[in-house]
Structures are given as C-alpha cells and as structure tokens.
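As structure tokens, the structure follows; a few thoughts come after it.
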Amino acid sequence: MKPRAVCTVAVSALRRRPLLGVAVGVGALAALRQTLPGAAVRLSSLQPLVTPLLHPARALNGLSHYRSQSTLSGLFSLSPADSIMASLNPPQAAPKWTHTPEEVLKLTTDAIAEYRALEDRVAALKPEECNFESVFLTLAHAENKFNAIAEPLSFYQNVSPSKELRDASNKAEVMVRDFGVESSMRIDVFRAKQAAEENIKASGKKLSAEEQRLVEKMILDGTRDGLALPDAEREKLTKLKKELSQTCLEFSKNFNEENGVVSFTLEELKGVPADVISGYTKRTKDGKEVYDVTFKTPDIFPLFKFAENPETRRIAYERFENRLAINEPIMSKFLGLRRQIAKLLGYPTWADYVTEVKMVKSAKGVKEFLTDLEQKLRPVGLKDREILLALKKKEHDEKGLPFDGEFYLWDYRYYDRKFIEESLNLDDQLVKEYFPVSVVVPAILEIYQNLLGVKFVEIKGETWHPEVQQFAVWEKDAKDESGFIGYCYLDLFPRESKYSHAAVWPLLPGYDKEDGTRSYPLAAMVANLAKPTPQKPALMRHDDVVTFFHEMGHVFHGLLSKTKFARFHGTSVAGDFVEAPSQMLENWCFEPKVLERMSSHYETKEPLDAELIDKIIKSRYVNVGLFYLRQLFFANFDLKVHTDQDPDDYTKLWNEMRENISLVKGRNLGAGQGTFNHIAGGYDAGYYGYTYSLVFAADMYATVFKADPLDPARGKRYREKILLPGGSRDEIDSLKDFLGREPNSEAFIKELFGQSASSLAAQRPVPPPRGTLAAAASQPFSANSGRPAGLSGSIQTPEDFLKAIGRSAETKFTPESWEQLWHTDGAQLRKAGLAVRDRRSVAAFVESYMAGSGGLWLLMYILWSMEKFRQGQDPAEFAHPPKTCEEDSRVGVLTWTGCAKWQEAAV
Numbered sequence: 001m002k003p004r005a006v007c008t009v010a011v012s013a014l015r016r017r018p019l020l021g022v023a024v025g026v027g028a029l030a031a032l033r034q035t036l037p038g039a040a041v042r043l044s045s046l047q048p049l050v051t052p053l054l055h056p057a058r059a060l061n062g063l064s065h066y067r068s069q070s071t072l073s074g075l076f077s078l079s080p081a082d083s084i085m086a087s088l089n090p091p092q093a094a095p096k097w098t099h100t101p102e103e104v105l106k107l108t109t110d111a112i113a114e115y116r117a118l119e120d121r122v123a124a125l126k127p128e129e130c131n132f133e134s135v136f137l138t139l140a141h142a143e144n145k146f147n148a149i150a151e152p153l154s155f156y157q158n159v160s161p162s163k164e165l166r167d168a169s170n171k172a173e174v175m176v177r178d179f180g181v182e183s184s185m186r187i188d189v190f191r192a193k194q195a196a197e198e199n200i201k202a203s204g205k206k207l208s209a210e211e212q213r214l215v216e217k218m219i220l221d222g223t224r225d226g227l228a229l230p231d232a233e234r235e236k237l238t239k240l241k242k243e244l245s246q247t248c249l250e251f252s253k254n255f256n257e258e259n260g261v262v263s264f265t266l267e268e269l270k271g272v273p274a275d276v277i278s279g280y281t282k283r284t285k286d287g288k289e290v291y292d293v294t295f296k297t298p299d300i301f302p303l304f305k306f307a308e309n310p311e312t313r314r315i316a317y318e319r320f321e322n323r324l325a326i327n328e329p330i331m332s333k334f335l336g337l338r339r340q341i342a343k344l345l346g347y348p349t350w351a352d353y354v355t356e357v358k359m360v361k362s363a364k365g366v367k368e369f370l371t372d373l374e375q376k377l378r379p380v381g382l383k384d385r386e387i388l389l390a391l392k393k394k395e396h397d398e399k400g401l402p403f404d405g406e407f408y409l410w411d412y413r414y415y416d417r418k419f420i421e422e423s424l425n426l427d428d429q430l431v432k433e434y435f436p437v438s439v440v441v442p443a444i445l446e447i448y449q450n451l452l453g454v455k456f457v458e459i460k461g462e463t464w465h466p467e468v469q470q471f472a473v474w475e476k477d478a479k480d481e482s483g484f485i486g487y488c489y490l491d492l493f494p495r496e497s498k499y500s501h502a503a504v505w506p507l508l509p510g511y512d513k514e515d516g517t518r519s520y521p522l523a524a525m526v527a528n529l530a531k532p533t534p535q536k537p538a539l540m541r542h543d544d545v546v547t548f549f550h551e552m553g554h555v556f557h558g559l560l561s562k563t564k565f566a567r568f569h570g571t572s573v574a575g576d577f578v579e580a581p582s583q584m585l586e587n588w589c590f591e592p593k594v595l596e597r598m599s600s601h602y603e604t605k606e607p608l609d610a611e612l613i614d615k616i617i618k619s620r621y622v623n624v625g626l627f628y629l630r631q632l633f634f635a636n637f638d639l640k641v642h643t644d645q646d647p648d649d650y651t652k653l654w655n656e657m658r659e660n661i662s663l664v665k666g667r668n669l670g671a672g673q674g675t676f677n678h679i680a681g682g683y684d685a686g687y688y689g690y691t692y693s694l695v696f697a698a699d700m701y702a703t704v705f706k707a708d709p710l711d712p713a714r715g716k717r718y719r720e721k722i723l724l725p726g727g728s729r730d731e732i733d734s735l736k737d738f739l740g741r742e743p744n745s746e747a748f749i750k751e752l753f754g755q756s757a758s759s760l761a762a763q764r765p766v767p768p769p770r771g772t773l774a775a776a777a778s779q780p781f782s783a784n785s786g787r788p789a790g791l792s793g794s795i796q797t798p799e800d801f802l803k804a805i806g807r808s809a810e811t812k813f814t815p816e817s818w819e820q821l822w823h824t825d826g827a828q829l830r831k832a833g834l835a836v837r838d839r840r841s842v843a844a845f846v847e848s849y850m851a852g853s854g855g856l857w858l859l860m861y862i863l864w865s866m867e868k869f870r871q872g873q874d875p876a877e878f879a880h881p882p883k884t885c886e887e888d889s890r891v892g893v894l895t896w897t898g899c900a901k902w903q904e905a906a907v
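Everything in the sequence shown is counted per the UniProt record's numbering, starting at 1 for the first residue and increasing by one.
Here it is, written out as structure tokens:
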C-alpha cells in the first residue's frame with residue numbers, strides 16, 4: 001500500500017515555524033494510491049479558498065458565526081470524561097472565531113506596528129546595554145505575541161465559508177510576509193544581537209541549553225538573511241525577497257482557487273462506484289445528461305481508480321494535469337528569483353541554501369541519497385510495470401480494445417487497484433464498509449489517548465464552521481488546571497471554499513510567558529473525509545484511516561511538546577525530520593490488533609476478520625517500486641530546478657523527467673509543474689525529505705514499538721524523548737535518546753522491500769544521518785567489533801578474511817586481481833556478509849559496511865586491501881576520494897587518501 005498524500009509544513013513569515021499535513025510514509029503505502037503527488041509543505045495560511053458558500057448560517061456583523069454542534073460533527077463522540085475532569089476549566093481561553101474582515105486587517109496592522117516598535121527599541125540599545133534579556137528574550141516574547149495574533153487570522157483563508165473573510169485573511173498574509181522580509185533585513189537589530197552575544201560570552205553568563213540554542217539560531221538567522229552584505233546588496237536582496245514572497249503566494253493562491261471540472265456521461269463513468277457518482281453534479285449538455293467531476297481528491301481519484309474506459313481516464317488525467325497551466329510562468333519567475341538570492345547570499349545554489357539547516361546539510365547529500373535509492377528501486381519498478389502492463393494487455397484483449405504496448409499515467413491507479421483485487425482478492429469498497437467514521441475516529445483518538453496518557457474532552461465552543469469539533473486536551477489523571485495540555489480542533493468533512501486535502505495547523509505554540517506562566521498550544525486538523533450518502537453512513541477507506549492516524553501524529557507533536565521558547569515548539573524541527581514521527585505512527589494501521597480494534601462493519605457491527613486483515617497488510621508492499629519511483633521523480637525535479645544555474649523549459653523538463661524516472665508514459669499533458677505547489681509553498685528543495693525521514697520512522701517503529709505498539713510505557717518514552725523536546729535540541733540527539741543508539745537504515749530497507757530485504761541489508765539504500773558514521777569511526781578499533789554474522793569467530797586478521805572467501809593470504813592486489821575479486825567473487829563476498837555492487841565508488845562501498853553489519857572490522861579490511869592495491873595502481877580509477885577526510889561531505893565516508901591514522905590501523 002502506498003502513502004496517500006504528502007504533508008504540509010506551514011511556516012510563518014516572521015519565523016519559519018512548521019505546520020503540517022499528510023505525508024508519505026512507509027506504513028502508508030496503500031494510502032497514496034488515490035492522491036495527488038502530495039499536499040505541499042506550504043507557508044502557513046498561504047492557501048485561500050474562494051469558491052461560493054455551501055452552508056449558510058446566522059449572521060454576526062454580516063458574517064457567519066458558529067458553535068461546535070452540527071449534525072456531521074455529531075457523527076462520532078468520545079467516551080465521556082470523568083466528573084472531575086468534565087468540571088475542569090482550562091486555564092487559557094480558546095481563541096475567538098468571530099472576526100470580521102475589517103478586524104482581521106486591523107489586528108494584523110496593529111500587530112505589525114507593535115512588533116516594529118519593539119524592534120526599534122531593541123535597535124536603539126547601546127552596545128553595553130545588549131544582553132540575553134534585553135535582546136534575545138525580548139525579541140522571543142514579541143515574536144510569540146505577534147504569531148499568536150497573526151497565525152489564527154491567516155488560517156481563515158483555508159477554512160472560512162465567507163469569501164470576504166477569506167480574502168481579508170489572504171491580504172493579512174501578504175502584509176505579514178512583507179513585514180517578515182523587512183524584519184529579517186534589519187541590520188540594526190542584528191547588530192544588537194551580535195553585541196548581546198559578545199556580552200554574554202564576556203560576562204561568563206551561563207545559559208540553559210535551550211537559551212543557548214535560541215542565541216545561536218537568532219544569530220544564524222541574520223547570517224542566512226544576508227545581513228553581512230554591503231548596503232546596496234542588502235537593499236537589492238530585500239526587494240528580491242519581497243518579490244519572491246508575492247510570486248510564491250500567487251502560485252499557491254491559484255492552486256487553491258482552482259475550481260475546474262471535467263464532464264462525462266454515465267456510460268463513460270462505467271466502473272466508478274455509484275456512491276461516488278451520486279456526489280457529482282449532474283446537468284444537461286447538448287441534450288445529454290453529464291456529470292461534472294471536480295479535480296478535488298474525493299471526486300477525481302475514484303475515477304482514476306475505477307473508470308473502465310481508458311479514454312475516460314486519459315481525458316480526465318490530461319485535464320487534471322494541465323489544470324494549472326496559469327502557474328507555468330509564475331514558477332519560472334520564482335525559480336529565477338531564488339537563483340538570484342542564492343548568488344547574493346554566496347551559496348552555490350538555492351538547494352544548498354535550503355539544506356544547510358536540515359539534517360542532510362547539502363544539495364550534494366540530497367543528490368546522493370536520491371541517486372542511490374533510485375538505482376535500487378528501478379529494477380523493482382520495471383518488474384512492477386511489467387506485471388501491470390500484462391494485466392492491461394489481458395483486459396484490452398478481452399474487451400477488444402486497442403493495445404499499443406505502453407503503460408500510461410492514467411493506467412497506473414486503475415491497474416494497481418485491479419492487481420490488488422486479483423492477486424489478493426482485496427476489494428477496496430468492501431474494506432471501506434468496516435470503517436464508518438462514527439467508529440474509526442473515536443477509536444483512533446482512544447488509541448492515542450491510552451498510548452500517550454491524555455484525555456480529550458469535547459467542548460461546545462466557538463468555531464469557524466458548525467461541522468468543526470473542539471476539544472480540550474488534558475493529562476489522563478488531571479485533577480486541576482495544572483493538567484491542561486491544550487486545544488484540538490477537528491474539521492474533517494469536505495465543503496466548498498475549504499482547503500481540499502489533509503493538513504494540521506499548529507495555530508498556537510506552547511511556551512513560557514514573561515510572567516512565568518504557560519501559554520498552551522492549539523492544533524487544528526483539516527481533512528476531507530466522505531460524508532454520509534442516502535444509502536450509507538460516512539465511511540472511510542483504509543487509506544483514509546491511515547491519513548487520519550498520520551495527521552493525529554502531527555496534532556500530538558504540537559500538543560505534547562513542551563519547550564521554553566515558541567520557536568522550538570512541536571513541529572519546529574528540521575524539514576527532513578518533521579514527518580518522521582507521523583510516518584512512524586502510520587504503522588499502527590497495519591497491525592492486526594489495531595485494525596480489529598478500530599473496525600466495525602456499518603451493518604453487522606463485526607470487526608475485520610483475520611483474512612481481510614492479512615490481505616490489507618500484504619497489500620502494503622504491492623507495486624512499491626513504481627510508487628517510490630514516482631516520489632523520486634518529484635524529489636529529483638525539485639532538486640534539479642533548485643540546483644541548475646540557468647532557466648529551462650520546465651514543462652519539457654517535467655514531462656521528460658517523469659517518464660524517465662517513474663517509468664510511466666504520458667502524452668499531451670502540458671504544464672504539470674503548475675500543480676507542484678510544494679516548491680512554492682515552503683517545501684522548495686525539500687521534497688526529498690518525505691522519503692529521507694522514512695529512514696528514521698522505520699527505525700523508531702522497529703526498535704521501540706513493533707513488539708507492542710499499544711504499550712503505554714513505550715508511548716511515554718516516545719512522548720518524552722521525541723515529542724516533548726520539539727526542536728529545542730538537534731534531531732539526531734532526540735533520535736539517539738529514543739533509540740538508545742545511533743539511527744540506521746536497516747528497518748527502512750526491510751519495510752521497503754519486505755521479505756527480500758535480508759539480501760539487501762548490507763547494501764544500505766540511503767546515506768545515514770550525518771554524524772552517524774563519524775561517531776562510529778571515532779570508536780576504538782577492535783578486530784572483532786561489528787564483525788558480520790557470516791564470518792567465523794576464528795577470523796582475527798585480514799589474512800584470515802581472505803582465507804574465508806577462498807583467497808590466499810599472500811594474494812597480490814593488482815588492478816586486475818582487485819577487479820576479479822570485485823566481480824568474480826561476489827557470491828563469496830556476500831556469504832561473508834559483504835555486497836560489492838559497483839566498482840565506481842569504493843567510498844560508497846565502505847560506507848555501506850559502516851551503516852550495515854560490517855562495522856569497523858570491515859573498514860579495516862577495506863583500508864588494508866586498498867593499501868595493498870595502491871602498490872599496483874592508484875585506486876582513483878575506482879573511487880573518487882577527497883584530498884582530506886574533512887573535505888568529504890559524506891560524513892563517515894572514510895577513504896585511505898589523507899587518512900593516515902586509518903592506514904596505520906589497517907596495516
């Protein structure tokens with residue numbers, strides 16, 4: 001099964017604080033079968049939806065005002081809180097949702113003015129007056145206050161039924177983004193920060209770890225914002241940043257305002273489920289009844305999956321792919337602006353600028369990651385395509401349809417679904433009947449509550465729409481207000497003028513206020529679950545269940561984090577780690593006891609039986625090659641357009657790269673890049689992160705939760721080690737604390753390739769987290785450390801190893817013998833725990849051992865053998881080592897050149 005959508009991490013304009021949505025995850029391989037390339041990680045509140053109102057409501061100041069009490073929100077409820085908890089009052093009131101358009105703009109204007117005035121006061125400080133409290137703490141508190149006003153106001157554009165309010169919210173977002181650029185370019189404020197940092201060091205003042213991190217991050221902000229540039233270049237940079245902000249906002253606005261349709265007759269829609277068709281708008285055109293299919297996920301993806309007529313699918317896909325051709329010149333413009341900004345800031349490319357503060361650290365690291373994974377997935381994808389193409393030929397022959405031997409984009413979801421049905425006898429529509437919303441949502445919330453030790457208490461407060469449910473979240477044993485955690489809003493059902501995918505907005509972060517009291521977080525989930533039909537209640541497909549489980553992971557990341565400063569709260573972590581917690585949690589949806597617990601047939605009330613559960617679990621890995629190659633296409637396109645030095649024909653590039661990487665043909669598809677909102681909305685040079693973070697997600701699940709995923713003790717460990725610190729420490733430190741060791745990719749390989757993973761375990765498919773191998777390399781050498789299981793205990797020296805693989809200890813390493821060992825003795829090497837795949841890169845060869853079972857013992861052997869080999873010919877023919885270890889950006893890739901201490905250890 002495939003991951004369904006892709007998450008969105010929204011970012012405020014003043015400080016890039018993430019906001020999340022659905023992500024690609026190993027555990028969700030079924031889910032993304034029905035969705036877009038992924039919902040983008042976008043700037044918070046960037047997505048105004050301006051279609052007509054669907055639900056009229058009573059007016060308040062000419063607008064609509066609601067309380068959480070609708071029929072749809074009443075489709076499910078949680079077990080009641082005990083009498084004590086039900087009587088508790090939160091120590092912090094929930095925000096109001098009754099703003100008028102005028103109020104939205106006035107409040108935003110006032111907040112900007114107040115923040116600007118405070119920056120003026122900080123900038124006016126004399127150098128000797130600058131310290132932690134007067135500068136860093138003052139700015140942090142001001143930022144908290146500003147975001148508490150601006151974030152909820154800019155959220156309206158995604159969910160409000162009022163066009164006037166959505167438009168005002170969008171205008172407020174423009175104001176905030178422009179001010180964010182202005183604020184980031186204030187050299188006077190930056191100099192106050194620099195003076196404060198110097199005074200802190202000179203005074204010997206001891207800061208806490210989080211306070212020191214705040215200082216370092218604020219200084220780094222200024223450096224990355226270009227404040228070290230000369231005045232003329234800073235002024236040019238400011239203009240470019242504002243222009244870039246407006247251009248990206250225009251791209252995203254078009255994305256969300258898109259309201260096109262494609263129309264078909266009932267005959268042309270043959271195969272599409274009746275309950276889906278009943279949701280289409282029916283009208284008469286040229287004397288025939290036609291159905292308008294919107295490009296929203298609940299409408300268009302069932303057509304791709306079920307429409308039997310290939311022409312229907314082709315027409316729909318071509319229209320769908322080209323629905324945002326208006327964005328073609330806008331993308332070209334913002335990519336050009338980014339190239340200019342990167343050059344001004346002194347970075348080789350925009351991708352290098354973006355990745356500098358992520359776990360991967362460089363564009364080169366991303367490229368190596370993607371290339372390595374693509375090489376491993378391509379043969380798997382070719383096999384997948386061969387199987388689906390044979391299925392297509394069989395159906396076309398049976399129906400007398402022409403067959404040209406090609407497998408097209410509009411074929412993928414249709415035959416993917418058919419293959420699952422035929423090979424596993426798994427009917428997606430039948431499975432859906434076991435997941436009524438009224439059962440699944442409270443079951444998932446109960447699972448989370450038990451696992452993490454919290455309690456949801458529904459409250460009938462003020463909301464932006466009557467379908468929204470509002471909850472106060474408490475510690476499970478709360479007796480007074482000290483047990484309050486925060487607020488959660490669930491806006492789960494589709495309607496016009498609403499954000500059309502799934503995302504979580506951490507509208508308010510948690511932090512310590514100036515008076516020492518706590519400001520509590522608020523998270524809002526927006527989704528588009530199916531509504532009831534006249535024939536059936538609201539039902540969820542299994543991929544909807546996975547989506548909901550994933551999204552709740554983001555909710556709890558926002559609620560259960562507890563940091564001193566808001567900028568480190570919750571999901572404010574590296575962009576290539578932020579999805580890992582929720583991706584890990586998707587695995588629950590493939591655990592038999594969890595599936596049984598949250599399923600109940602809408603008529604019989606029976607849970608899923610063991611046979612259906614087994615089929616769901618098995619479907620998880622079907623066609624995994626084609627799915628992930630598709631994800632790698634998006635990531636490679638994103639990386640290429642952000643590393644190229646010159647503009648390109650991006651329509652041509654998009655279509656050619658997709659066909660070459662994803663192995664699926666397309667034609668007449670137009671400017672599909674206009675739909676790629678990720679790279680306009682905050683995920684530029686970051687799409688790789690969806691797959692990169694899976695390494696951590698798989699490792700966390702396999703190491704801690706797999707043995708007992710519902711164990712509250714394990715949930716407590718997850719809450720304390722991963723959720724609580726948020727971004728207040730490096731992500732690698734949180735991972736090591738949680739895992740009890742450095743992370744590795746072994747679990748990821750097993751997840752991705754299923755039972756075949758054992759033969760690939762030594763061939764690590766992705767670079768490990770930076771620092772992992774460096775730490776291993778610093779350990780004392782031991783001839784027995786990390787020896788592969790395939791080597792006998794009698795092996796103590798490199799000569800012993802040569803004997804173990806059938807070589808004489810006196811073997812002379814010449815270029816010819818090395819190559820012979822590489823190719824001829826591959827089977828013997830694999831038996832010994834080695835897997836030599838590619839003679840082009842000895843460095844990658846070494847790195848794969850270090851990340852796998854080989855460890856330092858194998859590194860010793862490699863270095864020793866290369867030293868011997870050097871007597872015959874320089875190994876640069878086979879490897880491309882750096883001049884020194886430090887110059888190798890792949891941390892831990894140790895080559896013999898320039899690493900004398902390792903040569904000595906080896907020989």
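Where is the CB? At the ideal position from N, CA and C, for every residue including glycine.
Pick helix, strand or coil for residue i, following the three-state DSSP scheme.
i       : result
Met-185 : coil
Arg-518 : strand
Arg-319 : helix
Val-664 : coil
Ala-530 : coil
Met-525 : strand
Thr-109 : helix
Trp-97  : coil
Lys-361 : coil
Arg-166 : helix
Trp-474 : strand
How is the alpha helix (DSSP H) around residue i delimited, first residue to last?
i       : result
Leu-632 : 624-641
Trp-350 : 350-355
Ala-150 : 138-159
Trp-410 : 409-424
Considering only residues of the same chain and omitting the five flanking positions on each side of residue i, which have a CB-CB separation below 8 angstroms?
i       : result
Gly-260 : Thr-294, Phe-295, Arg-319, Arg-323
Lys-288 : Thr-265
What is the rounded straight-line gap between the Cα of residue i and the Cα of residue j?
i           : j       : result
Ala-680     : Met-657 : 19 angstroms
Gly-192     : Ile-447 : It is Ala, not Gly, that sits at residue 192 in the sequence shown. Using only the alpha carbons, I get a separation of about 49 angstroms.
Ile-341     : Asn-636 : 21 angstroms
Arg-166     : Glu-462 : 18 angstroms
Thr-643     : Gly-453 : 45 angstroms
Ala-86      : Tyr-487 : 15 angstroms
Ala-523     : Arg-177 : 22 angstroms
Phe-190     : Phe-568 : 20 angstroms
Glu-548     : Ser-497 : The question names Glu, but residue 548 is Phe in the sequence shown. Looking at the two C-alpha atoms, the distance is approximately 21 angstroms.
residue 915 : Gly-405 : Not covered by the structure: residue 915. The range shown for the chain is 1 to 907.
Please return the same chain residues whose Cβ sits closer than 6 angstroms to the Cβ of residue i, not counting the five positions on each side in sequence.
i       : result
Arg-717 : none
Arg-714 : Val-704, Phe-705
Pro-90  : Ala-472, Phe-484
Among residues of its own chain, excluding the 5 on either side of residue i, which ones have a beta-carbon nearer than 7 angstroms to its beta-carbon?
i       : result
Lys-513 : Ser-519
Counting along the chain, where does the beta strand (DSSP E) carrying residue i start and finish?
i       : result
Lys-205 : First-last for Lys-205: undefined, no H or E at that position.
Taking one C-beta from the segment 310-329 and one from the segment 404-415 each time, how about it: are there three or more such pairs within less than 8 angstroms? Verdict: yes, contact present.
Is the segment 382-402 in contact with the segment 589-602, if contact means three or more CB pairs nearer than 8 angstroms? Counting Cβ pairs under 8 angstroms, fewer than three are found: no touch.
Sufficient close CB pairs (3 or more, under 8 angstroms) joining the segment 695-711 to the segment 579-592: In this structure the segment 695-711 touches the segment 579-592; the number of beta carbon pairs closer than 8 angstroms is three or more.
Quick test of the definition: if touching needs 3 or more C-beta pairs under 8 angstroms, does the segment 536-545 touch the segment 426-443? They touch, by the three-pair rule.
I'd like to know if the segment 735-743 and the segment 698-717 are in contact, where contact means that at least 3 CB-CB pairs between them fall below 8 angstroms. They touch, by the three-pair rule.
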